[in-house]
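Notes for the one structure printed next.
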Amino acid sequence: MAIQQPSIMKKFVFVSIASLTFAASINAQETSKDIMKINPPKVEKIAKELKAHGDVRIDDYYWLNNPEDEKVIDYLKDENKYYEAMTAHTKKFKEDLFEEMKARIKEDDESVPYKLNGYYYITRYETGKDYPIYTRKKGSLDATEEILFDVNEMAKGHSYYNLSGLNVSEDNNLVSFGVDTLSRRKYDIFIKNLKTGEIYPERIPLTTGSATWGSDNKTLFYTRKDEKTLRADRIYRHTLGTDPITDELVFTEEDETFGTYVYKTKSKKFIVIGCYSTLTSEYRVLDADNPMGEFKIFQPRERGLEYSISHYGNNWYVLTNKDKALNFKLMKTSEDKTSKENWVDMIPHRNDVLVEDIDIFKDYLVVSERNNGLTKIRIKKWDGNEDYYLPFDNETYTAFTTQNPEFDTKILRYGYNSLNTPASVIDFNMETKDKTVLKETEVLGGKFDKDNYETERLWATSMDGTKIPMSVIYRKGIKKDGKNPLLIYGYGSYGATMDPYFSSVRLSLLDRGFIYVIAHIRGGEYMGRQWYEDGKLLKKKNTFTDFIDASKYLISEGYTSKEHLYASGGSAGGLLMGAITNMAPELYHGVIASVPFVDVVTTMLDDSIPLTTGEYDEWGNPNEVEYYNYIKSYSPYDNVEAKAYPNMLVTTGLHDSQVQYWEPAKWVAKLRDLKTDDNILLLQTNMDAGHGGASGRFEALKEVAMDYAFLLDLEGIKE
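Take any residue in the sequence shown, note its place counting from 1, add 214, and you have its number in our numbering.
The following block contains the structure:
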């Protein structure tokens, strides 16, 4: 079984400013408070025609799509220098914010231990160190600590380091693990002998980082990626002690819109190969005691049929949308009859309840559900004698099952937090219904009191009449007079739900008078699967109009005003930021767009870019004219116009494999050329990291401090 780690969610010409001139400009401003006199880097426009379906788009900045071109790198560096110059007056404030946020976090911290196969596993942090230390203790928490990995030592010499996918063999003697030192999600897999401490010489490159052991403790299954697109497309079988170059290819996912992965069931009886696209899934299974055998298909893929499988006893439990079960239902079938005609209903489909996941125990089935936007945990005894829900008492909380690797136990471990309640890890006895709070995250400094903050769930009405929920937190005592600074956050894609969660970092905004709002817009699944269906493909614009209508509601109700309203989002949420600044720029005083997906048409027409082909079911395939025209109508880069835009901070990572750096770089260049205002426009590129940003535990706080200083500075808040 895998160790569950704790949560702690494109040769083109270029004309640049001569470096000496640029440096002189910055130095001249060090004694001037008029930062508006600092000139941004100039970007040459080289028109490139992009043709599709008889339509011609002119892309003046397509040449930035070449990370091997030194001039491109120089441009990104010049933008970083411009950012530093424009924000030089906030340098100390950023440092203070960083220290303030860091001071709330317990440095010498450790996770709640969980038991797996006779060992207790613990992740801990030491004061002054950025990375985790993975440990275990045999049989008892009083036993001698065994250090599996000290990532602080492993990360030395690297500006980015991510250790992932820890998976211990069933005999407890070996562990496989993945390492990424570039932040491009290309992991090398290694194997460590936990008895001797030796890391074996075999190195398996270009993987997802995850691997699964057969029951023989010497056969390892893993997923390799395509070198260019980074699509996870092949499953290999490795035998301990052999050269990985000789590893056997056991499965290839030929459909470029699918990815693949491999894992072992909680029952430890089967190795499973999963294949997935946005709308379709498929599985193959193999007896873990026969790791050299052939995988058997569970149920052949059918477009639109989604299912996932869990094993218990002599049966499979299938979570699926079969029979038009939009919100999913739970079905059951025997081990030897796995095709869909053998599946029988166990928990039927309900129009108002989304079934999100299940956890299987010897005596209990735990079902994670969502109703009216709120997460529910349902507990059922296999013998039918009990069926009840855990009680939760507010509307701005998040509850979820967490580390439950043990099968024969009556203890369910779950996590709970809310906008004003720090995260807790709780053990719940499903038989006695007693609960034990094992840990509540400490907020250091002695200033935090949850009772100082008010939380609400608000409902805005969208332009089509749909009610849009929002989760809100602010310090008690504020007046709804339109003068409050307010940050509204949104994502709204892939069915990903942004549940309300506690953040000690966010206190740095709240305690300075900000209201914080999460807009649960369509495109996520907050209100069920239909909520997702109504915010994708040819209904994607609902995501953007929902966010705009939520913003208008907050203004109309006096929570804030146009002069004090700020918006933020990242990745697909960065697309949201690009869309709203084109559609309703007058509503926002400032916008933060992190690693934003803004050049949608060009990216979705380029199937050599990582992730593109797998995205067709989300955005549509622009090789088809209907989708081309629709995507073009909202793609932020294609819709930049000569008009006023809000103050904007745009961030990216040079090595980002999910949203390539050139998308935000091109977008900023085009905005600079066309916008008619004098508002601030900044591009900051992390030259060492990718989509997730910095890797160190506290390094990421520096990026948050950068964002917060931008917002607070716009509000005139200096400390």
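Heads up, the beta-carbon is just placed ideally off N, CA and C, and yes, glycines get one too.
Use the C-beta contact count for residue i: other C-beta atoms within 10 angstroms, 16 or more gives buried, fewer gives exposed.
i	result
Trp673	exposed
Gly904	Reliability fails at Gly904, whose pLDDT of 49 lies under 50, so the model's placement of it is uncertain and the value that follows must be treated cautiously. Per the 10 Å Cβ criterion, buried.
Thr358	exposed
His267	exposed
Glu800	exposed
Glu877	buried
Arg498	buried
Glu508	exposed
Gly211	Outside the shown range of the chain, which is 215 to 933, sits residue 211, and nothing can be said about it.
Ser481	exposed
Phe575	buried
Phe621	exposed
Glu570	buried
Thr816	buried
Gly792	buried
Thr610	buried
Ser770	exposed
Thr460	exposed
Ile405	buried
Asp852	buried
Gly772	exposed
Ser822	exposed
Beta-carbon within less than 7 Å of residue i's beta-carbon, same chain only, minus the 5 sequence neighbours each way: which residues are those?
i	result
Tyr490	Phe472 and Gly473
Ile449	Phe435, Thr437, Val464, Phe465, Thr474, Val476 and Ile487
Met368	Tyr375 and Leu377
Tyr746	Gly709, Gly737, Gly738 and Glu739
Asp269	none
Phe512	Tyr497, Arg498, Val499, Ile523 and Thr552
Tyr194	The requested residue 194 does not occur in the structure, where the chain is confined to residues 215 to 933.
So, residue i versus residue j, is the Cβ gap smaller than 9 Å?
i	j	result
Leu896	Tyr296	yes
Arg417	Asp430	no
Thr938	Pro505	This structure cannot speak to residue 938, because the chain is shown only from 215 to 933.
Ala858	Asp887	no
Ser495	Tyr526	no
Phe912	Ile319	yes
Leu290	Pro327	no
Ala919	Glu309	yes
Pro699	Leu633	no
Glu197	Gly342	Past the boundaries of the shown model lies residue 197; the chain is included only from 215 to 933, so the question cannot be answered.
Ser785	Val864	no
Arg451	Glu462	yes
Lys594	Tyr578	yes
Ala637	Gly704	no
Leu789	Ser847	no
Val731	Met684	yes
Ile252	Ala317	no
Can you find the residues in the same chain that come closer than 8 Å, C-beta to C-beta, to residue i, ignoring five residues on each side of it along the sequence?
i	result
Thr349	Tyr335, Ile336, Thr337, Arg338, Glu359, Glu360, Ile361 and Leu362
Asn387	Asn407, Leu408, Lys409 and Asn431
Lys536	Leu519, Tyr521, Lys543, Met545, Lys554 and Trp557
Ile762	Ile794, Met797, Ala798 and Leu801
Trp833	Lys750, Leu751, Lys754, Val814, Met818, Tyr841 and Ile845
Lys681	Trp673, Ala674 and Thr675
Glu244	Model confidence at Glu244 stands at a pLDDT of 35, short of 50, so the residue's coordinates are unreliable; what they give is reported in the following sentence. Excluding sequence neighbours, Glu244 sits near Ala302.
Ignore the nearest five residues each way along the sequence and tell me which others in residue i's own chain have a CB closer than 6 Å to its CB.
i	result
Glu293	Pro255 and Leu897
Met862	Val805 and Leu895
Tyr275	Lys880 and Ala883
Glu549	Asn528
Glu929	Pro699
Leu819	Pro836
Gln874	none
Residue ranges of each beta strand (DSSP E) within the segment 442-516, 3 or longer: Entirely contained in the segment 442-516, the beta strand (DSSP E) runs reaching 3 residues are, in chain order, 446-453, 462-466, 473-478, 484-490 and 495-501.
Cβ contact check for the segment 710-724 and the segment 639-650: 3 or more pairs under 8 Å: Fewer than three pairs of CB atoms, one per stretch, sit closer than 8 Å, so the segment 710-724 makes no contact with the segment 639-650.
Length-filtered (4 minimum) alpha helix (DSSP H) runs lying within the segment 693-752: Within the segment 693-752, the complete alpha helix (DSSP H) runs of at least 4 residues are 721-724 and 743-747.
Inter-stretch contact (C-beta, 8 Å, three-pair minimum) for the segment 531-549 and the segment 565-572: Contact annotation: the segment 531-549 touches the segment 565-572, with at least three C-beta pairs closer than 8 Å.
Cβ contact (3+ pairs, closer than 8 Å) linking the segment 304-319 and the segment 599-610: The segment 304-319 vs the segment 599-610: no contact.
Segments of 3+ residues assigned as beta strand (DSSP E) that fall wholly inside the segment 266-329: Those beta strand (DSSP E) runs which fall completely within the segment 266-329 and span 3+ residues are 269-273.
Unbroken stretches of the beta strand (DSSP E), 3 residues or longer, contained in the segment 621-660: Segments of the beta strand (DSSP E) lying fully in the segment 621-660: 625-632, 635-643 and 649-654.
Uninterrupted alpha helix (DSSP H) stretches inside the segment 361-438 (no shorter than 4 residues): Qualifying alpha helix (DSSP H) stretches, in chain order: 365-368.
Segment contact, 8 Å Cβ cut-off, at least three pairs: the segment 686-700 with the segment 573-592: Of all C-beta pairs linking the segment 686-700 to the segment 573-592, fewer than three are shorter than 8 Å, placing the two stretches out of contact.
Within the segment 838-871, ranges of the beta strand (DSSP E) (whole runs, at least 3 residues): Counting whole runs of 3 or more residues, the segment 838-871 contains the beta strand (DSSP E) stretches 861-867.
In chain order, each alpha helix (DSSP H) run of at least 4 residues that lies wholly inside the segment 799-830: Fully enclosed alpha helix (DSSP H) runs of 4 or longer: 814-818.
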